[in-house]
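Protein chains in written order, with the numbering used here: chain R, 135 to 423; chain G, 74 to 354. Inspection log for the structure reproduced underneath, given as structure tokens.
Right, here's the structure in full:
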């Protein structure tokens with residue numbers, strides 16, 4: 135055998151080894167992902183079972199019949215339609231307002247000079263490390279005092295001003311070359327015009343990501359709605375679900391159907407926006423510096 | 074001009090974040106209730122806290138939670154992030170799968186785990202299938218705390234995994250290649266190259282994970298309600314019950330202040346410690 139033949143054979147063996155490693159690595163990773171997803175898979179199958187088959191002597195995914203009607207029953211049982219409407223409205227309004235506030239703040243920090251800017255910036259940075267949970271009692275008392283407890287205003291307002299969004303957008307606005315802004319200014323554009331016609335279109339991807347985060351943040355929010363909302367007709371989905379679980383004699387199949395309907399939109403959003411989300415979580419992590 | 078743009082955000086930040094934080098400090102010195110007036114009682118709440126065995130227990134429970142959850146979370150996140158750096162079919166989809174619980178409502182996730190860990194739930198059925206005795210997951214205090222820690226890990230490591238993955242992505246392949254040529258083995262490469270280069274991301278995730286861990290609430294509220302006994306009563310859950318079930322807002326604010334101080338000490342300790350192990354280029 136010539137040296138060349140030997141070299142080819144060696145390369146083939148290495149290649150086969152690498153392919154084998156690739157297949158094994160991928161298989162183990164996907165098996166792990168399957169185990170990891172088991173709770174969610176189990177939720178889905180439980181949601182389709184008859185009530186008396188939720189707990190059985192052994193694990194079965196599919197009961198004696200597949201009851202899609204559980205979803206309809208859960209819908210009625212926890213008034214899911216109202217919870218869903220409330221959650222959607224609250225999340226939509228929260229997201230819109232968060233975007234406006236964060237865009238204005240980020241623009242000021244990234245593109246404008248004004249006296250006291252660095253002091254204000256430091257204040258924003260400090261609040262990033264304050265745990266919001268610690269301030270729920272005075273927030274509640276404050277809203278109670280001005281007779282806004284148990285309203286959506288009180289539910290939505292405190293969540294709009296976190297520094298995270300401003301930092302995320304600022305990071306992207308800093309990357310826009312100054313020439314674009316100068317050109318617009320020479321054409322006689324006002325500062326407001328520069329923001330809306332030059333900056334915002336250029337950072338639209340970052341704004342969409344912030345929109346997703348704000349929406350999910352509101353969708354998932356639990357502690358504050360639990361504290362501030364009293365009347366069940368204003369409840370959002372997490373509060374409705376939690377009320378469901380703490381009752382005695384939980385109807386598990388209905389609860390799981392409600393959980394499926396709660397988690398499904400998140401799965402869709404994450405799957406559709408996966409690239410942007412993954413990139414933004416990475417970038418957002420270092421947005422503060 | 075800049076002030077006009079920063080003002081809405083600044084006012085909101087002051088009114089809804091800064092002022093409530095400060096107000097919480099002040100309320101901690103009062104006997105405030107929802108309907109009743111507020112009278113200032115000096116250090117009384119704090120003296121009471123140190124005699125309150127339920128409160129001291131909640132600090133202990135949360136401390137155990139933090140000590141187990143934070144290192145486990147960081148270790149799993151880092152291991153998974155590094156694993157997903159290797160060649161794996163569909164690894165972008167794997168990232169999404171691990172991220173989903175991190176972005177879905179904690180309440181729904183917790184309800185699912187409450188079902189799985191019932192006495193005759195799927196986990197005990199699985200144990201029975203391999204011939205093991207059932208475990209009283211939610212009726213034994215130690216197991217219940219383990220379940221709460223477990224669901225928290227399951228729920229949240231995906232997020233840190235992505236952050237650490239971004240840190241790993243930013244390491245230049247040349248550096249790794251160079252170290253390989255210099256004959257550095259796997260472990261040497263991990264400890265001398267990868268970990269130092271990913272340390273800013275590691276620092277960031279650790280600080281935020283510690284803050285989140287000390288304020289744990291929803292998992293315990295939904296899965297165990299703090300029980301059995303007070304075995305899963307976190308500080309935040311005790312604060313919530315004190316304020317909104319027992320209507321002792323002043324006393325709850327004192328708890329909030331202690332929680333704030335604990336978190337501040339941990340954060341400052343980490344800021345101080347970062348000089349020793351975090352490497353910025």
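Glycine included, each C-beta is placed from N, C-alpha and C at the ideal position.
Of all residues in the stretch 97 to 111 of chain G, those with a C-beta nearer than 8 Å to a C-beta of chain R are 97, 100, 105, 107, reading in chain order. Judged by DSSP in its simplified three-state form, residue 198 of chain R adopts coil rather than helix or strand. Here residue 103 of chain G carries a strand assignment [DSSP, helix/strand/coil]. By the neighbour-count definition (other C-beta atoms within 10 Å, threshold 16), residue 188 of chain R is a buried residue.
Exposure of residue 194 of chain R is indicated by the presence of fewer than 16 other C-beta atoms within 10 angstroms of its C-beta.
Residue 254 of chain G counts as exposed, since fewer than 16 other C-beta atoms from the protein chains shown sit within 10 angstroms of its C-beta.
Contact annotation: residue 271 of chain R and residue 322 of chain G have beta-carbon atoms nearer than 8 Å. A direct Cα-Cα distance of roughly 35 Å separates residue 89 of chain G from residue 148 of chain G. Listed by position along chain G, the residues whose Cβ is nearer than 7 Å to that of residue 160 of chain R are 161, 162.
Secondary structure within the stretch 293 to 366 of chain R: the alpha helix (DSSP H) runs of 4 or more consecutive residues, fully enclosed, are 297 to 307, 312 to 320, 325 to 328, 338 to 354, 357 to 362 (chain order). DSSP places residue 237 of chain R in the uninterrupted alpha helix (DSSP H) bounded by 214 to 245. Residue pairing by DSSP puts residue 113 of chain G in a beta bridge opposite G:103. In this structure, the beta-carbon distance from residue 210 of chain G to residue 221 of chain G does not fall below 8 Å.
Against residue 258 of chain R, the close residues of chain G are 86, in the order they occur along the chain (beta-carbon pairs closer than 7 Å). The straight-line gap separating the alpha-carbon atoms of residue 144 of chain G and residue 280 of chain G is approximately 12 Å.
Counted as a single uninterrupted DSSP element, the alpha helix (DSSP H) harbouring residue 164 of chain G occupies residues 164 to 176. A distance below 8 Å between beta-carbons, with the five flanking residues on each side excluded, links residue 394 of chain R to the following residues of its chain, in chain order: 177, 178, 181, 205. Among the residues facing chain G, residue 319 of chain R is not included, as its CB has no counterpart in that chain under 8 Å away. Against chain G, the beta carbon of residue 189 of chain R has neighbours under 8 Å at 191, 193, 194, listed in chain order. For residue 156 of chain G, the nearest CB of chain R lies under 8 Å from its own CB, placing it at the interface with that chain. Taking each of R:274, R:230, R:398 in turn and checking the Cα distance to residue 108 of chain G, the smallest one comes out for R:274. Contact annotation for residue 278 of chain R against chain G: 107 [CB-CB distance below 8 Å, chain order]. When Cβ-Cβ separations below 8 Å define contact, residue 151 of chain G makes no contact with chain R. For the set R:185, R:186, R:309, the Cα lying nearest the Cα of residue 340 of chain R is the one of R:309. The Cβ of residue 340 of chain G sits closer than 8 Å to at least one Cβ of chain R.
The three-state secondary structure of residue 234 of chain G, taken from DSSP, is helix.
If only uninterrupted beta strand (DSSP E) runs of at least 3 residues are considered, none is enclosed by the stretch 146 to 188 of chain R. Residue environment: residue 284 of chain G is assigned as buried (16 or more neighbouring CB atoms within 10 Å of its CB, all protein chains considered).
Per the coordinates, the alpha-carbon of residue 249 of chain R lies some 21 Å from the alpha-carbon of residue 319 of chain R. Neighbours of residue 180 of chain G in chain R, taken as residues at a C-beta separation under 7 Å, are given in chain order as 356, 372, 375, 376. Annotation for residue 146 of chain G: the continuous alpha helix (DSSP H) segment containing it runs 126 to 156.
Secondary structure note for residue 82 of chain G: its alpha helix (DSSP H) is the uninterrupted segment 75 to 86. By alpha-carbon distance to residue 181 of chain G, the top candidate from R:408, R:353, R:365 is R:353.
In this structure residue 236 of chain G touches residue 415 of chain R by the C-beta definition: roughly 6 Å separates them, less than 8 Å.
Chain G has no Cβ within less than 8 Å of the Cβ of residue 298 of chain R.
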